[in-house]
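Engineer: To convert, take the position in the sequence shown, counting from 1, and add 1; that gives this note's numbering.
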Amino acid sequence: MRPRRSPRPPVTAPYNGPIVRALCPGSFDPVTTGHLDVIVRGAALFDELWIGVGRNSAKQPLFSVEERLEQLAVVVAAAGIRARAVAFSGLVVEFARSQGIGCLLRGLRGGGDLDYELPMAQLNRRLEPRVETLFLPPAPEHAYVSGRLVRDAGRHGGSLAGLVPECIRTAVERRLREGAARV
Ligand code: PNS
Numbered sequence: 002m003r004p005r006r007s008p009r010p011p012v013t014a015p016y017n018g019p020i021v022r023a024l025c026p027g028s029f030d031p032v033t034t035g036h037l038d039v040i041v042r043g044a045a046l047f048d049e050l051w052i053g054v055g056r057n058s059a060k061q062p063l064f065s066v067e068e069r070l071e072q073l074a075v076v077v078a079a080a081g082i083r084a085r086a087v088a089f090s091g092l093v094v095e096f097a098r099s100q101g102i103g104c105l106l107r108g109l110r111g112g113g114d115l116d117y118e119l120p121m122a123q124l125n126r127r128l129e130p131r132v133e134t135l136f137l138p139p140a141p142e143h144a145y146v147s148g149r150l151v152r153d154a155g156r157h158g159g160s161l162a163g164l165v166p167e168c169i170r171t172a173v174e175r176r177l178r179e180g181a182a183r184v
């Protein structure tokens, strides 16, 4: 009998096994129903889904990072999914590698997003080829929902029903009416 060869590691896969932990990074200021759609579907695709709130955004935020983490925890609990919200600073791929995360998951609504997302994914790949980026198109009913439009509608007193998860709607509408915020 021939001696059994030990299995070779795959040549193309970045890890010797499937990707099990993914990170959905973003600003989530506020989390929208479009984000939630991607998060819920992402949670079903991976063993673990982390939601990463970037700390180093140059933008003047509506909600502090801590408030956004709390909101994401509430939204995840209300959706009944397994996902955890974490904050990260610095390069997203470095954070991912340090946490054993092999995949970044981003929503992709259309061509405008692609123009923004593709260079970001290419740069992230150059910085850390072992972290892959995967794109998920949101359900069509969320295709026009963005944080910017939600903030604009809310600032002018528009209802955010269907645009942000119901469990955080009052808080988001109130903050937008009060005016943008303390960090
Ligand atoms: O929701 P957003 O604002 O499109 O999220 C952008 C985010 C936080 C994913 C992106 O700005 C980011 O990854 N920032 C961390 C800094 C970094 O890694 N930059 C290099 C890739 S662009």
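Just so it is clear, CB atoms sit at the ideal spot from N, CA and C, and this is done for glycine as well.
Suppose the cutoff is 8 Å on Cβ atoms and the five residues either side in sequence are ignored; what does the same chain contact list for Ile-169 look like?
Structural biologist: Pro-31, Val-32, Gln-72, Val-75 and Val-76
Engineer: Going along the chain, which residues of its own chain have a beta-carbon closer than 8 Å to the beta-carbon of Val-132, five neighbours each way excluded?
Structural biologist: Pro-15, Val-94, Ala-97, Arg-98, Ile-102, Gly-103, Cys-104, Leu-105, Asn-125 and Arg-126
Engineer: Could you check if Ala-44 is buried or exposed, using at least 16 other CB atoms within 10 Å of its CB as the buried criterion?
Structural biologist: buried
Engineer: Alpha carbon to alpha carbon, how far is Val-136 from Arg-176?
Structural biologist: In the sequence as displayed, the identity of residue 136 is Phe instead of Val. If I take the Cα positions, the gap works out to 30 Å.
Engineer: Could you give the DSSP three-state label for Glu-167: helix, strand or coil?
Structural biologist: helix
Engineer: Check whether the Cβ atoms of His-157 and Thr-34 lie closer than 8 Å to each other.
Structural biologist: Against a cut-off of 8 Å, the Cβ pair of Thr-34 and His-157 comes out as no contact.
Engineer: Taking C-alpha atoms, which residue in Ala-88, Trp-51 and Ala-80 lies nearest to Val-66?
Structural biologist: With distances taken between Cα atoms, Val-66 lies closest to Ala-88.
Engineer: Could you tell me the alpha carbon to alpha carbon distance between Arg-69 and Leu-46, rounded to whole angstroms?
Structural biologist: Their Cα atoms are separated by approximately 24 Å.
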